[in-house]
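Protein chains: 2
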Amino acid sequence: MTISQTIKVAVDAVVFGYRNQALHLLLIQRKLQPYEGGWALPGGFVLDNESLEAAVQRELREETNVTINYLEQLYTFGAPERDPRFRAIAVAYYALVKPDAFEIAASTDADDVRWFDINALPELAFDHAEIIRHALRRLRNKLTYEPVGFGLLSEKFLFSDFEKLYSTLLNKPIDRRNFRKKVMSFGILTELDEKRSDGKGRPANLFQFNEDQYFKMKNQGFYFEL
Amino acid sequence: MTISQTIKVAVDAVVFGYRNQALHLLLIQRKLQPYEGGWALPGGFVLDNESLEAAVQRELREETNVTINYLEQLYTFGAPERDPRFRAIAVAYYALVKPDAFEIAASTDADDVRWFDINALPELAFDHAEIIRHALRRLRNKLTYEPVGFGLLSEKFLFSDFEKLYSTLLNKPIDRRNFRKKVMSFGILTELDEKRSDGKGRPANLFQFNEDQYFKMKNQGFYFEL
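Residue numbers (the UniProt record's numbering), protein chains in the order written: chain A, 1 to 226; chain B, 1 to 226.
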């Protein structure tokens, strides 16, 4: 059976980072045409014998020096005109990390690599703005039914840090009293007998993430209903 | 820029049907090698100038005579060995319909087409069993945060029909009292001044779906927490 099809398959990585209480996004500056010099998601074409997951990890590593063991598949973008060169579909993946854990460095097809504040993104190549919008929706949706992002805080943190993380990722204010009541009722945070100042008010108790309880909640399904 | 890549792009349709209070799945019997004579999801290769959505609709129409205007993208399956002929990735889509609304008829690559009870599926070609498992998880997950499947019931229905639909799709018993209380509290069902017997007990009131309220809830996010 011969399939006369000339569609190319690419992968793209939407890597979100939480730093200085702001949501960031990892972008590369393209070295080649099309969109030469423009900013884009790290990504590239899948090799013939490589899984999609291996491809997105490889492209990310090659172009930005960032190694991420698990990226979640987001969506496949396949509009016929999305690449001006030829028909190419993009299987997009996303992840949420701590930027300080990585030493970013541009290489191969990338001239530069940077973390951009999500509220100050440059103009983007291809349909990457659409892919990012889609990833943000997915991330925010996920936050409402799963406690995402504990790995983004220090081991011990103020409740206000956790609240700020959620408020930042969701990009909306949180009803503090209800949120605290709800989160504490799940038992995923342990209040420690140790205080720290948030730099403004009087010292407040530190909290620690209860990982066992987290995995238990995760398996049962988890609803914040924010 | 030349991309020496020989990956083919296919689409597959997971079409669930709800009939006789049971969940069904639309499958075709393959006319060609590989897996000749085996059962498989309707699907096929994307044409060079066709969107992924158009491709899955076309393949479904050609192979089964079923026209569905909206299928939701499920996941892209790309393991290097999933097709014994060549490297082929499959962008899978799914939908949930009323089987009686369609006159199925096998054509092109299909020798036969049938609705199978989800609990009595035949052996499946390729990685289609995995794709179906994935689609079932997604469908069941979606049911817990969105009121799916009202279109599967008659215009006026007994609350027990609705409960049975949910119980069947979720494949688990439902706590009747809590479920009814929760569903009614959302205001998406209107209780009518009209009765019908369920064939067993005394006549019970009929219900109608409140579409305006449904879309309002949908926009706000919706949590059954079943």
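By construction, the Cβ of each residue, glycine as well, lies at the ideal position given by its N, Cα and C atoms.
Where residue i sits in the DSSP three-state scheme
i, result
"B/Q5", "coil"
"A/E211", "helix"
"A/R137", "helix"
"B/Q220", "helix"
"B/T76", "strand"
"B/V56", "helix"
"A/L71", "coil"
"A/L124", "strand"
"A/F150", "helix"
"A/P61", "Looking at the sequence provided, one finds Arg at residue 61 of chain A rather than Pro. Helix, per DSSP."
"A/A101", "helix"
Identified DSSP bridge partners for residue i
i, result
"A/L26", "A/W115"
"A/E130", "Paired residues: none, contrary to the question."
"B/K156", "B/Q208"
"A/A40", "A/I28"
"B/V11", "B/G44 and B/V91"
"B/G199", "The partner list for B/G199 (beta bridge, DSSP) is empty, contrary to what the question assumes."
"B/F16", "B/L25 and B/L96"
"A/A110", "A/R30"
8 Å CB neighbourhood of residue i in its chain, flanking five on each side removed
i, result
"B/E194", "K156, N205 and L206"
"B/D100", "R19"
"B/H24", "F16, G17, Y18, P99, W115, F116, D117 and I118"
"B/I131", "D12, V14, L41, L74, Y75, F77, A90 and A92"
Chain-order list of residues whose beta-carbon lies under 6 Å from that of residue i (same chain, five-residue window excluded)
i, result
"A/L153", "D161"
"A/A106", "D112 and V113"
"A/E123", "none"
"B/N65", "I104 and A105"
"A/Y35", "A125"
"B/H128", "A40 and L41"
"B/F102", "V66"
"A/I68", "A95"
Endpoints, the alpha helix (DSSP H) within which residue i is located
i, result
"B/A90", "Premise fails: B/A90 lies in the beta strand (DSSP E), A88 to V97, not in any alpha helix (DSSP H)."
"A/K181", "R176 to S185"
Extent of the continuous beta strand (DSSP E) to which residue i belongs
i, result
"A/L165", "Careful: A/L165 lies outside any beta strand (DSSP E), inside the alpha helix (DSSP H) at F159 to L170."
"B/K195", "L189 to R196"
Cβ shell of residue i (< 7 Å), same chain only, five flanking positions each side left out
i, result
"A/R114", "L27"
"B/G187", "N210 and Q213"
"B/E163", "I174, R176 and F179"
"B/P80", "R87"
"A/E62", "S107 and T108"
"B/A197", "According to the sequence shown, residue 197 of chain B is Ser rather than Ala. Closer than 7 Å at Cβ, skipping near neighbours: P203."
"B/S167", "P173 and I174"
"A/N171", "none"
"A/F31", "Here the sequence assigns Lys to residue 31 of chain A, which means Phe is not the residue at that position. Around A/K31: D109, A110 and D111."
Near the ligand MN: residue i beta-carbon under 7 Å from a heavy atom
i, result
"A/L153", "Ligands displayed in this structure: none; no statement on the ligand MN is therefore possible."
- prompt: Okay, do the segment 66 to 81 of chain B and the segment 70 to 87 of chain A touch, 3+ Cβ pairs below 8 Å being the bar?
  reply: yes
message: Would the segment 130 to 150 of chain A count as touching the segment 53 to 68 of chain A if we require 3 or more Cβ pairs under 8 Å?
response: no
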